[in-house]
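These notes are about the structure you will find just below.
The following block contains the structure:
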């Protein structure tokens with residue numbers, strides 16, 4: 001029997017809940033019911049709304065902290081050791097005395113006493129409002145049937161409140177049916193998805209990449225969960241283990257996302273908005289325990305899921321092993337598992353690209369001695385006197401650039417053309433086979449027919465929307481923002497994007513001017529070494545400056561794009577993420593690729609000729625260096641791509657640790673006050689950092705994909721550096737998710753979303769860019785034309801590419817010099833120039849048509865869904881329909897036997913059998929019956 005509590009005890013509870021003056025200094029020794037001390041349940045009378053006077057408490061559980069044992073139960077359980085913790089809500093309350101002393105000191109030092117009091121009053125009102133919102137929200141959570149237990153960690157500075165939530169069986173069943181969670185029907189062997197494993201097995205070759213990971217999740221034939229079909233599902237007799245922890249987390253998060261804390265008309269709904277309001281500081285499911293292995297010896301199958309992921313996946317020593325994708329999916333959900341599956345698949349496909357690229361580069365080194373034009377340059381002596389490189393410079397001999405001519409051959413030889421074609425085919429083939437891999441994983445993970453449900457409005461959208469309108473799908477009134485106003489804002493945002501892109505162009509021009517100034521300074525030193533290496537010194541230093549500007553502008557624009565996307569008022573989170581992704585990618589594409597595009601297609605095109613040089617801000621336009629523009633492009637790609645990867649990896653390694661250190665430092669006072677007991681799982685997880693999602697991870701790898709496909713003709717080693725980076729990237733990301741992030745809520749997904757569309761666009765763009773790169777930047781076609789018309793061994797090719805300075809220029813400088821161009825003595829283009837232009841345009845058309853034809857052929861020959869998988873799906877659907885038809889017929893027979901007289905039964909049975917039973921049509925995953933229109937017995 002519940003005893004009546006005194007007013008002082010009620011006041012104590014309410015002060016703790018509302019975070020007023022309570023400091024935990026007084027406690028009734030015999031108060032065991034409804035106490036807000038550690039392990040107590042919140043009394044429902046204080047969970048009601050302010051206007052609710054119902055004082056009839058319904059206690060789900062009650063504990064007396066004085067009688068509880070000191071040792072907490074093992075695992076993520078309530079204090080009874082039986083009730084699972086599915087979610088934890090956290091909020092912090094600073095000590096009242098601490099706030100008063102701070103306000104007093106601020107008032108004495110900075111503002112008059114009345115202003116300090118007013119500031120304190122405003123702060124208290126904000127805290128009281130947050131507490132009131134929290135009170136209402138928790139009341140609705142309890143009304144939804146969730147079990148609750150509260151813990152506190154108190155210090156002199158602040159108190160951290162942990163509200164543990166658990167979904168009982170009835171709640172799990174109700175929401176599992178509403179969310180269409182998958183239910184197991186029959187176990188089946190786990191398939192083998194690694195093609196290399198199957199090939200090595202057939203060849204009887206030991207597979208060092210395979211790893212025996214314990215506790216692999218069982219694969220099931222599944223169907224959508226229905227309470228009425230409970231007896232058909234495996235494991236339904238055990239309520240504690242039937243739903244996985246991942247499913248329980250999703251159920252509780254769904255309740256948290258729907259629970260109101262105010263008026264629904266104003267869309268005051270969901271824990272996400274309360275986190276934005278500051279009513280809660282964190283909301284997360286718990287990890288399955290520590291990731292560190294115990295000190296004592298333990299069997300592999302006794303490790304928890306987190307330890308398995310750390311030991312067999314996140315450690316650096318596992319860099320060459322297959323990823324345990326089923327374990328990742330079981331722990332983090334399909335969305336994160338698909339990211340790692342895609343990253344691993346992409347990394348594996350980089351291996352042949354890296355091997356071919358390295359072979360092309362090595363073949364260039366081996367054939368460097370047979371480069372006839374380089375030999376002619378080195379042996380020319382003073383034969384070719386070149387025109388000055390600046391207005392105050394002196395003429396120079398072409399033989400001075402002998403080393404650069406040899407090195408330039410490494411990036412501009414016939415092998416690079418072959419590699420460009422190879423990488424164009426590689427990129428499309430990779431994407432086609434990823435679609436097959438994606439389909440196989442989606443079927444294996446029961447996401448084949450997954451479609452995102454009708455999304456609720458975002459919390460920020462709901463908070464800022466000016467009106468309410470009825471949703472045409474759900475029929476419920478929701479926050480509404482006029483479409484015309486959104487389009488107007490999007491157009492305004494587009495203008496901001498254009499302005500930012502113009503800023504990028506301004507920085508690009510600044511880098512060009514910087515490069516020109518450095519080059520002139522090197523030329524005027526008088527040193528032959530500095531003069532010949534002036535272009536390289538200027539190019540390398542400017543590339544470093546450009547990389548710094550790129551990273552700086554990337555950070556600035558990402559923050560700006562986030563604010564612009566919020567201002568555009570997109571209704572759902574998916575729409576918001578797609579708009580943000582599009583903005584950031586467009587900017588980062590221009591930000592990262594503008595400088596390589598300039599070097600590849602514009603540098604050296606507007607130089608002019610002696611006596612008529614083109615200028616920019618009074619300075620002569622840039623010309624390509626002694627080794628050609630391709631070697632400069634290779635230098636820029638190396639510095640930007642590899643430098644970005646190194647900096648990103650350092651950031652991914654350092655920044656999470658710094659954030660975790662700051663979080664632990666902020667909670668240090670609380671930890672010191674709790675030295676008497678070992679930190680609990682919720683306390684340890686709260687010290688971790690919040691999961692930041694997958695946007696930055698996808699963006700980094702997609703930009704890398706652009707580098708290895710768009711400009712691969714100039715940098716054959718790009719796939720090799722990408723492969724090395726990705727081996728590290730997989731382990732860095734794995735370590736972050738397993739060890740440094742709070743556990744994210746598992747999300748379902750069928751594919752990688754808008755990123756695949758971006759990858760397809762990049763792969764098609766790479767064909768066009770590489771065609772122009774070979775045609776206009778490389779010397780491949782001029783050499784080919786010279787071999788066809790003049791000499792197959794390229795003897796005299798250097799003289800063929802050089803023109804004589806005009807007589808007017810010779811008269812002013814008193815010296816005849818040469819420059820690289822196809823012009824006559826008057827500076828006009830020769831017939832060879834126009835012949836070469838026709839060859840270049842013809843090559844572009846032929847290259848693009850040939851490659852795109854092969855790409856379409858690959859697309860046609862490689863189906864998006866493997867044929868074996870299609871047959872498997874059809875077979876499963878057929879068996880499911882047969883099983884459902886048998887169930888329907890058996891049900892009809894049983895009904896006729898129960899309701900009809902014996903004399904009429906045979907005739908009715910014959911009639912029913914002659915009419916037959918037609919099973920319900922619909923989608924199914926892995927052989928489970930379609931239950932969208934009937935219950936377990938087929939009853940409508």
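Numbering (UniProt numbering), first residue to last: 1 to 940.
Even for Gly, the Cβ is constructed at its ideal location relative to N, Cα and C.
Distance from the CA atom of residue 483 to the CA atom of residue 858, rounded to whole angstroms, is 42 Å. Contact between the segment 734–744 and the segment 674–689 is established, with three or more Cβ pairs separated by less than 8 Å.
Each residue's CA atom was taken as its position, placing residue 91 and residue 670 some 13 Å apart. Around the beta carbon of residue 789, a 10 Å sphere encloses fewer than 16 other beta carbons of the protein chains shown; the residue is thus reported as exposed. A direct Cα-to-Cα measurement between residue 179 and residue 655 gives close to 37 Å. Excluding residues up to 5 positions away in sequence, 496 and 500 lie with their Cβ nearer than 8 Å to the Cβ of residue 560 in the same chain. Spanning the alpha carbons of residue 577 and residue 752 requires a straight line of approximately 13 Å. Residue 694 is classed as buried because its beta carbon has at least 16 other beta carbons within 10 Å across all chains shown.
Fully contained in the segment 815–869 are the following beta strand (DSSP E) runs of length 3 or more, in chain order: 818–820.
If you ignore the 5 residues before and after residue 848, its C-beta comes within less than 7 Å of the C-beta of 767, 768 and 771, all in its own chain and listed in chain order. Bounds of the beta strand (DSSP E) holding residue 220 are 219–224.
Residues 377 and 378 of the same chain have their beta carbon placed closer than 7 Å to that of residue 402, with the five preceding and five following residues left out of the count. One Cα belongs to residue 81, the other to residue 592, and the distance between them is close to 55 Å.
With contacts defined by Cβ atoms closer than 7 Å, residue 248 and residue 177 do not form a contacting pair. Pairing residue 878 with residue 268, the inter-Cα distance amounts to about 47 Å. DSSP places residue 339 within a helical segment (H, G or I) once states are collapsed to three.
As computed with DSSP, residue 467 is found in a beta bridge with 480.
The Cβ-Cβ distance between residue 625 and residue 632 falls below 7 Å. Relative to the Cα of residue 823, the nearest Cα in the group 305, 839, 815 and 805 belongs to 805. Residue 571 and residue 478 have their C-alpha atoms roughly 10 Å apart. In the three-state scheme derived from DSSP, where H, G and I count as helix and E and B as strand, residue 688 is classed as coil. Residues of the same chain with a CB within less than 6 Å of the CB of residue 866, apart from the 5 flanking positions on each side, are 436 in chain order. Excluding five sequence positions before and after residue 347, the CB atoms of its chain that fall closer than 7 Å to its own CB belong to 723, 726, 727 and 730, given in chain order. Within the model, the alpha-carbon separation for residue 612 versus residue 720 is close to 44 Å.
Within its own chain, the residues whose Cβ lies closer than 7 Å to the Cβ of residue 820, once the five positions on either side in sequence are excluded, are 801 and 802, listed in chain order. Between residue 87 and residue 165, the C-beta spacing is below 7 Å. In this structure, residue 713 sits near residue 774, with a CB-CB distance shorter than 7 Å.
Residue 382 sits exposed, since fewer than 16 C-beta atoms from the chains shown fall within 10 Å of its C-beta. In its chain, beyond the 5 residues on either side, 211, 213, 318 and 324 have a beta carbon closer than 7 Å to the beta carbon of residue 312. Between the alpha carbons of residue 643 and residue 260 lies a distance of about 48 Å. Residue range 402–408 is occupied by the alpha helix (DSSP H) that includes residue 404.
For the alpha helix (DSSP H) assignment, the uninterrupted runs of no fewer than 4 residues enclosed by the segment 281–336 are, from N- to C-terminal side, 305–309 and 325–332.
Using a Cβ distance threshold of 7 Å, residue 335 and residue 835 do not count as a contacting pair. Residue 396 sits buried, since 16 or more C-beta atoms from the chains shown fall within 10 Å of its C-beta. When DSSP reads this structure, residue 186 sits in a beta bridge with 221. With a contact defined as Cβ atoms closer than 8 Å, residue 287 and residue 685 qualify at about 6 Å.
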